[in-house]
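Quick mapping for you: the protein sequence lines, in order, are chains A and B. According to the working numbering, numbering within the first sequence proceeds without interruption in unit steps and concludes at 321. According to the working numbering, numbering within the second sequence proceeds without interruption in unit steps and concludes at 1321. Okay, so here's the structure we're looking at.
2 protein chains.
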Amino acid sequence: MTEDQLLDLLRRCQHDFLSGGEMSHKLGISRTTIWKHIEHLRKLGYEIEAQPHHGYRLVSIPDRLIPEEIRFGLNTRWMGQKIVSYEETGSTNDVATKLAAQGMPEGTVIFAESQSKGRGRLGRSWISPKGKSILTSVIFRPKLLPSQASQITLMSAVAVAKAIEKQTGLSPQIKWPNDVLIEGKKVSGILTEMQAETDQIRFLVVGIGINVTVPEESLPENAASIHYKGAGGTVTRISLAQELLRQLEAGYDLIHEGEWENIHQQWQERSILTGKHVNVRCMERQIEGTVTGLDPDGSLLIRLDHGLTERVVAGDVVAVR
Amino acid sequence: MTEDQLLDLLRRCQHDFLSGGEMSHKLGISRTTIWKHIEHLRKLGYEIEAQPHHGYRLVSIPDRLIPEEIRFGLNTRWMGQKIVSYEETGSTNDVATKLAAQGMPEGTVIFAESQSKGRGRLGRSWISPKGKSILTSVIFRPKLLPSQASQITLMSAVAVAKAIEKQTGLSPQIKWPNDVLIEGKKVSGILTEMQAETDQIRFLVVGIGINVTVPEESLPENAASIHYKGAGGTVTRISLAQELLRQLEAGYDLIHEGEWENIHQQWQERSILTGKHVNVRCMERQIEGTVTGLDPDGSLLIRLDHGLTERVVAGDVVAVR
């Protein structure tokens, strides 16, 4: 934490120099220790100028999702109390699952600049070039039944949409169950994985990928980056990641306060499929009809052509018209 | 598999000697190889007499849940194609979970003579002295939603009850959700654990413990062993374990053929709580009323005193009268 305080001092001086003596005095550590911290921060990517007789000056901060930057100004109560970040890892969900199994608390957050084995829903892969996305996984330990896990997934989609709204002014929409789209193109995907007994969730890991500055040519046709959708230059990965963590905390607190209906409402307001005629592949069935909304249990409500309404609990949806 | 064939030859000769030459001829392997297999079988606990000029004779088989014995006369189609057994392990569910995560197929079965970290439902411990129980875990990969996982748990309780019925003639009952009782005392517990996405079970491990010859003094007051409940000497752990695997296969096949209603019925016929006045602690609520049956989704139906019926999806039930 001394390093966070040191960084804080440098940040507050903006572009002025701060003498080693003053820092040593304020933090109650030796000049040698300060030098060691400065060296470590430089390794993390902080550009820090050092001049004899003047001291140190923070020139630039790294564009990396590291704990030092995420924590600064995060302002959450419990989310992100523990942050682990990787330059590269297999999959942030795998790391989070391992840590959760070892007992790491709710609100532990994993970030990675790139993943070698990124996964999407239903065993699909999730590819993202280094340093151009937010790749994060959060550990939750909700007092919910396995059948209620979709509340956390749907809440997470709302949190992603609201974080993008707040940071960019754009209006993302949600495609059931949990894709977040801008102008019809997918900018974020969510993969929820859990370990549970029949009547108790042990823990749940929500993995979120957001394309921030991924070039269009590296993305599938139906995907996009928020940077190229009107938010160019106005949003950093760090500030968006922080807003996401704040939204996840707020949404999760709502669910635990019995306010699921509130999240349900927020989800519905952003639903891109409502009113659309769709085709759904659900387990081994094929359903066609018009989406009327979201059932409180998380399933999609579809009015079939002959008038009956079906609840779709899982599947892939294709809008027909 | 040569070892299984060799054992088979010895078994078929009952208590007669079988010459090394004849075995060598029938199995197409050298006498030295036969000797090596005999040595290995002895290490597993088989008592095999060897006499010059006479050959080998099977004197006794070990009372251990080892693949060699479980496979012999098992007669299943897919259950137990792969069997792994331990003298001692932490928990058979942990082993099964690890193997399932590595991709081991449905129907893989783990046995242990004892567990150092046996677990029951909701984080409780499960203690059993060495060699006196059936401790087993089975890997399933059902095409079900996480919310339907209880079908597999309830089916497993029916399988345990039917296996005990067939092997002992006793009439076990089921206490919701999945305890199996004889004369009101618990003889078996089931712990289902799963790894899942929100809309897809990845795999499910059913752990089953059955007290066979555990002495009463090693058991909690409300528990018993089937051996001391009228099945003394009439049932071996091996034959009971085999019957259990056959019943699990049959029950699982029924569910996959869309015959859940059949299992549901079999469960209800054995329900000890139906008609009883009970007190249930469910999440943070307390419910009191009369049990009217099992909802097809696996929840317990309780008619409250003022007439309304509540569905209890998880919890502990205490019969009041």
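All C-beta atoms in this analysis are idealised placements derived from N, C-alpha and C, irrespective of residue type, glycine included.
* Measure from the alpha carbon of Leu-1308/B to the alpha carbon of each residue in Ala-1314/B, Ile-1287/B, Gly-1315/B, then state which is nearest. => Ile-1287/B
Taking the straight line between their C-alpha atoms, what separation do you get for Arg-1281/B and Gly-1315/B? 5 Å
Check whether the Cβ of Gln-322/A lies closer than 8 Å to any Cβ atom in chain B.
Limits of chain A in this structure are 1 at one end and 321 at the other, which puts residue 322/A out of reach.
_Going residue by residue through the region 1071 to 1104 of chain B, where are the continuous alpha helix (DSSP H) segments of at least 4 residues, counting only ones entirely within it?_
Within the region 1071 to 1104 of chain B, the complete alpha helix (DSSP H) runs of at least 4 residues are 1092 to 1101.
Which residues, taken in chain order from the region 291 to 321 of chain A, show a beta carbon closer than 9 Å to some beta carbon of chain B? Asp-297, Gly-298, Val-313, Ala-314, Gly-315
In the DSSP output, what is Asp-179/A paired with across the bridge? Lys-175/A
- Task: Below 7 Å CB to CB, which residues in the same chain sit around Thr-76/A once its five sequence neighbours on both sides are set aside?
- Result: Leu-245, Arg-246, Glu-249, listed in sequence order.
For this session: Check the DSSP bridge columns for Cys-1282/B and list the partner residues they point to.
Result: Arg-1285/B
**Exposure of His-306/A, with buried meaning 16 or more beta-carbon neighbours within 10 Å** = exposed
To the nearest angstrom, how far is the alpha carbon of Ile-255/A from that of Thr-108/A?
18 Å
* **Residues that Met-1104/B contacts on chain A, provided the C-beta gap is smaller than 8 Å** => Going along chain A, no residue has its Cβ under 8 Å from Met-1104/B, so there is no contact; the nearest lies around 17 Å.
task = Apply the 10 Å Cβ neighbour rule to Val-235/A and answer buried if 16 or more other Cβ atoms are within range, or exposed otherwise.
result = buried
Return the CA-CA distance between Leu-135/A and Tyr-228/A, expressed in angstroms with no decimal places.
18 Å
C-beta neighbour in chain B for Met-194/A, strict 8 Å = yes
- Message: Between Glu-1039/B and chain A, is any beta-carbon pair separated by less than 8 Å?
- Response: no
Open item on the list: Against Arg-1270/B, what residues of chain A qualify as contacts under a CB-to-CB distance less than 8 Å, listed in chain order?
Closed with: In chain order: nothing, as chain A lies at least about 18 Å away.
Exercise for review: Would you list the one or two residues that DSSP bridges to Ile-1034/B?
Suggested key: Beta-bridge partners of Ile-1034/B (DSSP): none assigned.
Worksheet entry | Exposed unless 16 or more other CB atoms sit within 10 angstroms - verdict on Gln-1051/B | exposed
* Hey, Ala-1157/B and Val-1187/B: beta-carbon distance below 8 Å or not? -> no
Pairs of beta-carbons, one from the region 1267 to 1280 of chain B and one from the region 1174 to 1190 of chain B, closer than 8 Å: are there three or more? Judged by Cβ distances under 8 Å, the region 1267 to 1280 of chain B makes contact with the region 1174 to 1190 of chain B, as three or more pairs qualify.
Q | Proximal residues to Gly-1251/B (C-beta, below 7 Å), its chain only, five neighbours per side dropped | A | Answer for Gly-1251/B: Met-1155, Val-1158, Ala-1159, Ile-1263, listed in chain order.
Rounded straight-line distance, which links the Cα of Met-79/A to that of Ile-1164/B = 50 Å
Counting along the chain, where does the beta strand (DSSP E) carrying Ser-156/A start and finish? The continuous stretches of beta strand (DSSP E) do not include Ser-156/A, which lies in the alpha helix (DSSP H) extending over residues 149 to 168.
Legend entry - Own chain, CB closer than 8 Å to Leu-18/A, minus 5 neighbours either side, in chain order: Leu-9, Leu-10, Gly-55, Tyr-56, Arg-57
*asked:* Using only CA atoms, which one of Gln-195/A, Ile-38/A, Gln-14/A, Arg-12/A lies nearest to Gly-20/A?
replied: Ile-38/A
Inset, instruction - Could you tell me whether the Cβ atoms of Phe-72/A and Thr-92/A are closer together than 8 Å? - result: Inclusion of Phe-72/A and Thr-92/A in the CB contact set at 8 Å is not warranted, their separation being larger than that value.
Can you check whether the C-beta of Thr-89/A is within less than 8 Å of a C-beta belonging to chain B?
no
Simplified DSSP state of Asp-316/A, which is helix, strand or coil:
strand
For Asp-179/A, decide whether its Cβ has a neighbour in chain B, counting only Cβ atoms nearer than 8 Å.
No, its Cβ sits nowhere closer than 8 Å to a Cβ of chain B.
Could you have a look at Glu-1217/B and say whether DSSP puts it in helix, strand or coil?
helix
Worksheet item: Which of helix, strand or coil does DSSP assign to Asn-1262/B?
Response: Taken through DSSP and simplified to helix, strand or coil, Asn-1262/B comes out as helix.
Using a Cβ-Cβ distance cut-off of 8 Å, determine whether Asp-1389/B contacts chain A. No answer is possible for residue 1389/B: it lies beyond the span of chain B, which begins at 1001 and ends at 1321.
Under the three-state reduction of DSSP, which class applies to Ser-1271/B: helix, strand or coil?
Three-state DSSP puts Ser-1271/B in a strand.
- Query: Roughly how far, in whole angstroms, is the beta-carbon of Ile-1226/B from the beta-carbon of Ile-1182/B, given that I think they are within contact range, below 8 Å?
  - Reply: Taking 8 Å as the upper bound for CB-CB distance, Ile-1226/B and Ile-1182/B are in contact here, some 6 Å apart.
| said: Contact criterion: CB-CB distance below 8 Å. Does Arg-12/A meet it with respect to chain B? | reply: Chain B contact via Cβ: absent.
Where do the ends of the beta strand (DSSP E) carrying Thr-192/A lie?
-> 185 to 197
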